[in-house]
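Trainee: Residue numbers (the numbering used here): 1 to 873.
Where a beta carbon is used, it is the ideal one built from N, C-alpha and C, also for glycine.
No experiment lies behind these values; they were computed from the predicted model shown.
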């Protein structure tokens with residue numbers, strides 16, 4: 001068969017298909033007017049596979065480019081209905097841009113490393129490779145059956161050495177630039193999976209993979225310095241306003257969590273080094289009456305070590321209690337406060353007061369410096385702690401005072417007498433968090449909050465005890481994993497403790513065979529037991545050395561994969577920068593909102609690193625983002641335990657690919673959840689059959705002159721052609737499907753009771769249906785196009801331009817209401833004036849009957865569509 005190419009290639013006539021007859025146990029050949037999805041799929045899928053119409057490697061193709069990308073799947077089994085939804089929406093967009101004359105890159109691959117595949121393989125006692133690649137093959141066949149228009153010449157698997165070699169290259173580039181480093185720290189530890197997790201992989205205190213409670217553990221791990229990019233990651237979100245969902249932008253901003261304020265240096269008695277705390281409210285420093293530090297911080301351990309035996313024992317018990325408490329619980333503002341005194345004191349730098357130091361788990365070791373100055377009068381958590389443990393509460397902001405205007409005089413006597421109970425948080429138990437003017441604060445008295453913050457920073461900087469500062473919720477990206485099935489970290493540990501990069505020419509560092517290895521999670525990487533693999537000579541002098549036994553977080557794999565699709569078979573470089581200039585960044589990215597923080601944040605970070613290294617000319621990887629909703633069943637997420645799983649393969653067998661795709665598109669806006677119990681693939685299949693039959697009834701030739709056909713049908717056709725681009729680009733796929741249904745009904749009416757199937761307008765309308773339907777139901781559309789007499793594929797037929805003259809409505813139907821109820825419909829000119837339309841409405845027989853003796857009190861006219869007459873009895 002000849003290669004199918006847009007514009008000049010031909011799809012050969014499909015051969016007769018015997019398989020569909022056997023599949024449906026039919027004794028005779030199917031009637032030519034019988035819509036048989038199995039026959040149609042079996043006809044066209046082999047043609048597409050052989051001709052590969054969606055390849056993008058033709059150097060002579062000069063069409064403008066679009067890069068449409070779906071988030072690639074984990075190979076965890078066959079596709080489910082959520083996959084069907086995501087790949088349907090991405091495919092609609094890719095097919096739309098091809099119909100608009102673009103050369104569209106729409107690739108697919110598999111995120112094939114990671115815990116799910118490894119866990120499944122361990123459970124079955126097989127090599128993760130065997131499980132992974134068998135699932136990939138299964139998913140690949142389902143994707144092809146779904147009719148997804150992928151470029152199958154650009155497939156990648158992140159578990160291929162040809163791919164993860166470039167993960168290692170990227171790591172070494174970052175190591176060279178100081179962006180990859182190793183340190184000992186408290187980390188999130190999943191006791192079930194026996195591996196560390198990045199902060200983003202802990203959801204409500206639980207592992208996002210296995211849902212078990214995460215604990216803290218101190219380990220030496222590898223990190224990527226994403227915090228160096230915190231400001232750029234935050235500020236560059238402004239570039240994405242309007243093209244990314246606002247919800248995702250907000251989630252990213254909140255996760256990065258930039259706070260501005262000051263760093264304040266406190267002297268600790270008996271300690272040479274000062275303790276620095278970050279605060280967003282340096283204006284309240286005169287109200288700091290104690291200091292709180294995270295019990296799992298190095299500072300807490302140091303201070304406790306210098307205390308008496310009883311304090312040390314009490315602290316150790318409390319530390320163990322903290323380590324058993326999830327981070328989400330520690331941040332719960334309603335939880336009863338706990339803590340222990342460390343028997344040490346700090347000196348408040350602005351007034352010289354000695355303030356006690358406590359360890360309390362509501363302070364986190366990795367926020368700021370792991371220590372806070374407690375101002376209980378103006379922070380609810382600090383106040384709850386102070387009340388429980390009898391610590392001083394001092395008001396330094398008069399929240400009764402207006403920020404502008406006269407400043408009332410409030411004396412210490414008034415406070416002590418209780419004449420102003422609102423300014424006594426120790427009695428009310430409610431912190432004063434509002435705006436006001438400073439009091440009990442020496443040189444800041446009388447200043448508003450904003451002025452007092454600026455003045456306090458000046459005072460701290462003059463005294464050398466503080467400075468303006470920013471801090472972030474974002475923490476460096478922990479990438480070490482104590483698992484086998486991942487990218488080996490390309491570092492060798494010398495006997496002298498030096499970290500030695502694996503030379504580039506020795507990449508990839510391949511995973512060893514699993515033969516003889518115990519992959520069961522046990523807290524250390526299984527690779528450490530692969531003696532022949534882990535023991536290597538030091539590249540510097542040949543002395544004994546060991547490979548790093550950990551593997552990389554799989555989010556490294558997915559952080560740059562859109563670029564690898566540009567050069568998937570290049571063994572000399574991760575990607576060709578020249579190809580990146582042609583195709584990237586991705587024009588339209590499609591995937592679930594569950595990756596709004598993890599994957600998208602990491603991909604944005606790595607793109608900025610590659611920009612700084614000179615490999616790409618852009619700083620954001622995805623120009624536009626579409627988040628699809630979930631596919632649920634009877635109001636609940638599908639799960640085996642609920643017994644409400646709907647398998648894609650079973651639905652494909654029952655209804656066919658096109659009916660499933662059309663149902664997904666018609667169910668509602670893409671971002672909404674779809675309850676499979678509430679939709680109707682059967683209805684979609686019936687509609688497809690009606691549309692398909694039209695193509696078999698058209699009797700005019702493809703080159704017929706369309707002018708002069710049924711005017712009403714032609715206007716409807718051209719309204720569709722005019723509206724489809726705006727609707728698709730706004731992701732209103734359901735509206736496009738609804739409009740297709742309307743046009744199919746109008747074509748049927750024209751054939752059955754109008755000019756008939758020989759009307760040129762019928763061919764024009766049916767061709768418009770086929771081209772538009774190709775976005776949603778490619779098999780049916782291809783078969784319709786062939787029945788209409790064409791040999792070129794419908795996928796590149798292109799939308800005809802709407803005739804402006806046919807968009808001018810000769811008349812519209814005005815709805816006439818009385819007290820909100822429809823009483824008449826009147827055909828009027830689209831340009832009718834409001835007063836003329838009101839006259840016609842008043843004179844309507846239906847309106848006159850409805851009015852009777854009632855008095856008209858108001859008339860609302862929205863010419864030319866609506867008139868509403870309000871009355872009273």
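1) Between the stretch 159-167 and the stretch 179-189, are three or more C-beta pairs nearer than 8 angstroms?
2) Please specify which runs of the beta strand (DSSP E), each continuous and at least 3 residues long, are wholly inside the stretch 455-540, giving them in chain order.
3) Leaving aside the five residues before and after residue 97 along the sequence, list all residues of the same chain whose C-beta is less than 6 angstroms from its C-beta, in chain order.
4) Could you check whether residue 142 and residue 91 sit closer than 8 angstroms to each other, using their CB atoms as the reference points?
5) Out of 526, 631, 549, 525, which has the shortest C-alpha to C-alpha gap to residue 536?
6) Using the Cβ count rule (16 or more neighbours within 10 Å means buried), how would you classify residue 616?
7) Measure the Cβ-Cβ separation of residue 301 and residue 364 and say whether it is below 8 angstroms.
8) Less than 8 angstroms between the CB atoms is what I'm expecting for residue 666 and residue 684, so what's the real figure, rounded?
9) I need the DSSP call for residue 80, collapsed to helix, strand or coil.
10) Here's the rule I'm using: 16 or more other beta-carbon atoms within 10 Å means buried, otherwise exposed. How should residue 819 be labelled?
11) What do you reckon, are the CB atoms on residue 437 and residue 375 nearer than 8 angstroms?
12) Helix, strand or coil: how does DSSP classify residue 341 here?
13) Taking the alpha carbon of residue 653 as the point to measure from, which residue in 145, 114, 270 has its own alpha carbon closest?
14) Run through the stretch 645-681 for me and flag every whole alpha helix (DSSP H) of 4 or more residues, listed as ranges in chain order.
15) Roughly how many angstroms lie between the CA atoms of residue 497 and residue 478, to the nearest whole one?
16) Among the candidates 490, 636, 679, whose CA atom is the shortest distance from the CA of residue 499?
17) If you draw a straight line from the C-alpha of residue 760 to the C-alpha of residue 770, how long is it?
18) Just the Cα atoms here: how many angstroms apart are residue 13 and residue 797?
19) Rounded to whole angstroms, what is the Cα-Cα separation between residue 680 and residue 230?
20) Tell me whether the stretch 711-727 and the stretch 738-752 touch, counting them as touching only if at least three CB pairs, one residue from each stretch, are closer than 8 angstroms.
21) So, are the CB atoms of residue 825 and residue 814 less than 8 angstroms apart?
22) Would residue 166 and residue 574 be called neighbours here (beta carbons separated by less than 8 angstroms)?
23) Rounded to whole angstroms, how far is the Cβ of residue 279 from the Cβ of residue 373, which I believe are closer than 8 angstroms?
24) What three-state label does DSSP hand residue 409 in the structure shown?
25) Tell me which residues share the same chain as residue 120 and place their Cβ nearer than 6 angstroms to its Cβ, disregarding the 5 neighbours each side in the sequence.
26) Skipping 5 residues on each side, what residues in its chain have a beta carbon closer than 8 angstroms to that of residue 758?
27) Can you give the Cα-Cα distance for residue 862 and residue 834, rounded to whole angstroms?
28) To the nearest angstrom, how far is the alpha carbon of residue 715 from that of residue 837?
29) If we ignore side chains and look at the alpha-carbon of each, how far apart do residue 693 and residue 35 end up?
30) Straight-line CA distance for residue 802 to residue 853?
31) Hey, how far is the Cα of residue 77 from the Cα of residue 734?
32) For residue 215, which of 221, 207, 541 has the nearest alpha-carbon?
33) Does the beta-carbon distance from residue 744 to residue 691 come in below 8 angstroms?
34) State whether the stretch 100-118 contacts the stretch 656-664, with contact taken as three or more CB pairs (one from each stretch) at a distance under 8 angstroms.
35) Among 847, 864, 872, which one has its Cα closest to the Cα of residue 855?
36) Do you know offhand how far residue 261's Cα is from residue 450's?
Mentor: To lay it out plainly:
1) no
2) 466-471, 491-494, 499-501, 535-537
3) 66, 104
4) no
5) 549
6) buried
7) no
8) 7 angstroms
9) strand
10) exposed
11) no
12) strand
13) 145
14) 648-655, 657-666
15) 21 angstroms
16) 490
17) 15 angstroms
18) For residue 13, the predicted model reports a pLDDT of 39, less than 50, meaning its position is unreliable and no value from the coordinates is stated.
19) 46 angstroms
20) yes
21) yes
22) yes
23) 6 angstroms
24) Reliability of the predicted coordinates at residue 409 is poor, the pLDDT of 48 falling under 50, and no value is obtained from them.
25) 131
26) 699, 700
27) 7 angstroms
28) 24 angstroms
29) 7 angstroms
30) 49 angstroms
31) 29 angstroms
32) 207
33) yes
34) no
35) 872
36) 11 angstroms
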